[in-house]
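Asker:
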Amino acid sequence: MQEQEIVYDPEYVYFQIERTYTNYVNRILEGYEYVGVMTTVNAEGLCMVRTTESTRELAKEILQSLPISVTLLE
Numbered sequence: 001m002q003e004q005e006i007v008y009d010p011e012y013v014y015f016q017i018e019r020t021y022t023n024y025v026n027r028i029l030e031g032y033e034y035v036g037v038m039t040t041v042n043a044e045g046l047c048m049v050r051t052t053e054s055t056r057e058l059a060k061e062i063l064q065s066l067p068i069s070v071t072l073l074e
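Residue 51 in the working numbering sits at position 51 of the sequence shown; the count goes up by one each step and never skips.
1. Quick check on the DSSP output: the beta strand (DSSP E) that includes L58 runs from which residue to which?
2. Should V37 and V49 be called a contact, given that it needs their Cβ atoms to be closer than 8 Å?
3. Quick check on the burial criterion: 16 or more other C-beta atoms within 10 angstroms. Buried or exposed for V13?
4. Would you say the beta carbon of T71 comes nearer than 7 Å to a heavy atom of the ligand GDP?
5. Please go through the same chain and pick out, in chain order, the residues whose beta-carbon is closer than 8 Å to the beta-carbon of E18, but skip the five residues on each side of it.
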């Protein structure tokens, strides 16, 4: 099976985490209603938050404040 190329949407926040933290991060983001919806992009821990222009920066702040390693991808 061939790997698909990922097309990045500039309105969304993309980040890399360890796969074991996927559910943890998703639950945290769910607690902040209306910030965005997290989706796992691939099995290597690449994820994204579907945000709006008004919630994008807040989503980044939340991710950076977590006590785990989160790499934001620009």
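In this text, a Cβ means the ideal position worked out from N, Cα and C, and glycines have one as well.
Answerer: From the atom records:
1. Counting along the chain, L58 falls outside any beta strand (DSSP E), though it belongs to the alpha helix (DSSP H) covering R56 to S65.
2. yes
3. buried
4. This structure lacks the ligand GDP; in fact it carries no ligand of any kind.
5. G45, I68 and S69
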